[in-house]
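Enquirer: The structure under discussion is supplied below as structure tokens; questions concerning it will follow.
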Amino acid sequence: MSLKKLLTGLLLLTIWPLLADSRIGKWCESDDGGDSCHGYVSYFSNGDVYAYGVIDDMFYIATGDWRQVGKQSCLNLTYSIFDVTNEQPYPIDEYNFCNEVVLISADTFRYRSESGSIETMYRFSNVADHSMSPLPQYLVDNASQIKPDKLFLNVPAGKYGLYPLPLQLAPANVSFMLSLDTNTPANLSKEQDKQEQWLPYTHVQWGDPEGTHMRVSLHLPLESPEHVTLALEYHQPGKVPFKKRIADDIVRGEPVLIQLAWQPDGTTSLSYNKQTMQYQLPLQQWQSYFMASNAKATFQRLTD
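Be aware that the sequence shown starts at 0, since it is given in numbering that gives the first Met the number 0, and climbs by one per residue.
Next up, the structure:
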């Protein structure tokens with residue numbers, strides 16, 4: 000091997016890791032040279048990916064991981080997909096693919112797609128995040144046309160229903176209706192009931208599912224099966240959860256109007272039944288999930 004080839008090889012080994020490091024941050028996917036963005040992609044230094052956007056009247060949230068070997072950039076992504084006008088979900092999809100990196104600079108990320116076309120992303124921030132802010136341009140332009148439908152879950156005893164909610168912002172001000180009715184397990188003896196400790200429960204959750212998160216929850220105390228309890232919960236790994244009972248006289252199946260406002264410093268306001276409570280509940284991520292267990296649950300996010 001000549002000295003020239005050896006030096007060239009060493010240079011490439013040095014350049015490609017630097018290119019991979021250069022992509023860390025949040026990027027805009029655009030069809031007009033970066034003037035507007037139909038989606039955003041965050042690349043994290045630990046190899047995680049968080050992306051969201053609108054394509055062909057579908058809103059998507061993609062999570063997964065990325066890696067780069069030489070020029071090859073490969074992503075393994077799981078997509079949660081929704082009808083953009085009513086937020087109803089399509090089946091979750093997975094997509095694994097590789098692109099060829101052409102150039103990563105301070106402002107642009109160019110790559111050759113699987114189809115052979117050269118695509119360009121534009122840097123939005125040097126910091127990757129899990130927020131859905133800013134909104135894709137389509138949602139900004141068509142906000143008045145987005146009218147979320149009600150989501151109904153009927154989850155049998157011992158099972159869980161999980162639904163990722165789109166269109167949440169960080170910081171955010173979110174209004175939603177939430178209701179809960181119970182699914183009584185069939186042919187369940189009192190002893191089995193005591194052993195399994197089934198508890199009808201539903202909640203809307205924000206934050207990192209594996210880390211710090213908060214919940215607005217409805218649950219049915221076993222000692223009072225006719226009324227539902229509304230609570231605010233805040234969970235941190237390794238610490239005793241913070242739980243604040245907001246109300247305990249809600250009728251089963253009765254819709255409850257909740258308004259939740261959150262700011263980057265952790266200031267959280269929960270409004271219910273003409274009263275507003277304020278807490279300091281810091282979150283580093285802003286992802287939302289609706290979950291139900293052993294219950295018939297209804298959720299509807301309300302637009303402004």
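Glycine included, each C-beta is placed from N, C-alpha and C at the ideal position.
As the structure is a prediction and not an experimental result, all values here were calculated from the model.
By DSSP, does D20 sit in helix, in strand, or in coil?
Expert: In the structure shown, D20 sits in a helix (DSSP, three-state: H, G or I).
Enquirer: Please list the terminal residues of the continuous beta strand (DSSP E) segment that includes D180.
Expert: D180 -> beta strand (DSSP E) spans 171-181.
Enquirer: Which word fits F81, buried or exposed, when buried means at least 16 other C-beta atoms lie within 10 angstroms of its C-beta?
Expert: By the 10 Å Cβ count, F81 comes out buried.
Enquirer: How would you label Q286, buried or exposed, when you count the other beta carbons within 10 angstroms and need 16 or more for buried?
Expert: That one is buried.
Enquirer: Can you tell me where the alpha helix (DSSP H) holding D140 begins and where it ends?
Expert: Element bounds for D140: 136-140.
Enquirer: Excluding five sequence neighbours on each side, which residues of the same chain lie with their C-beta closer than 8 Å to the C-beta of E253?
Expert: So the list reads S178, V227, once near-sequence residues are dropped.
Enquirer: Determine the direct distance from the alpha carbon of P199 to that of L221, and round the result to whole angstroms.
Expert: One C-alpha to the other measures close to 9 Å.
Enquirer: For F108 versus W26, is the C-beta spacing smaller than 8 Å?
Expert: Result yes, Cβ atoms of F108 and W26 sit closer than 8 Å.
Enquirer: In angstroms with no decimal places, state the Cα-to-Cα distance between Y288 and V215.
Expert: For Y288 and V215, the distance between alpha carbons rounds to 11 Å.
Enquirer: Return the first residue and the last residue of the beta strand (DSSP E) that R251 is part of.
Expert: Premise fails: R251 is in no beta strand (DSSP E) and is neither H nor E.
Enquirer: Taking K295 as part of the beta strand (DSSP E), name the residues at either end of that continuous run.
Expert: First-last of the beta strand (DSSP E) with K295: 294-301.
Enquirer: State the Cα-Cα distance for the pair S292 and D180, rounded to the nearest angstrom.
Expert: So the two alpha carbons sit approximately 11 Å from each other.
Enquirer: Please check the pair G203 and F175, which I expect to be a contact at CB under 8 Å, by giving their CB distance rounded to whole angstroms.
Expert: The question names Gly, yet the displayed sequence has Val at residue 203. Sure, about 7 Å apart at Cβ, within 8 Å.
Enquirer: Ends of the beta strand (DSSP E) at Q67?
Expert: It spans 57-68 - the beta strand (DSSP E) in which Q67 sits, taken as one unbroken run.
Enquirer: Excluding sequence positions up to five away, which residues of its chain have a Cβ less than 6 Å from the Cβ of H268?
Expert: This sequence places Ser at residue 268; His is not what is there. Taken in chain order, the residues that qualify are A260, T275, Q277.
Enquirer: By the three-class DSSP mapping on this structure, what secondary structure does S1 have?
Expert: Unreliable positioning characterises S1 in this predicted model, as indicated by a pLDDT of 44, which lies under 50. A coordinate reading is not provided.
Enquirer: Taking the alpha-carbon positions, what's the Q279 to L150 distance?
Expert: Cα to Cα, Q279 sits roughly 30 Å from L150.
Enquirer: Using the Cα positions of M0 and A50, report the straight-line distance between them to the nearest angstrom.
Expert: Confidence in M0 is poor, its pLDDT being 45 and thus under 50, which makes the residue's placement unreliable; the coordinate value appears in the next sentence. Between M0 and A50, the C-alpha separation is close to 43 Å.
Enquirer: Here's the rule: buried if 16 or more other CB atoms are within 10 angstroms of the residue's CB, otherwise exposed. What is P263?
Expert: So P263 ends up on the exposed side.
Enquirer: For the beta strand (DSSP E) that contains I80, what are its first and last residues?
Expert: First-last of the beta strand (DSSP E) with I80: 71-82.
Enquirer: Taking buried to mean at least 16 other C-beta atoms within 10 Å of its own C-beta, is F298 buried or exposed?
Expert: F298 comes out buried.
Enquirer: Could you pull out every unbroken beta strand (DSSP E) segment of at least 3 residues lying fully inside the segment 219-283, listed in chain order?
Expert: DSSP runs (the beta strand (DSSP E)) wholly in the segment 219-283: 226-234, 241-250, 255-261, 266-271, 274-279.
Enquirer: For L134, which of H234, S116, K70, V40 has the nearest alpha-carbon?
Expert: Of H234, S116, K70, V40, the residue nearest in Cα terms is V40.
Enquirer: Taking the continuous beta strand (DSSP E) assigned at P163, which residues delimit it?
Expert: P163 -> beta strand (DSSP E) spans 159-163.
Enquirer: According to DSSP, simplified to helix, strand and coil, what is S287?
Expert: Looking at S287 - three-state DSSP - the assignment turns out to be strand.
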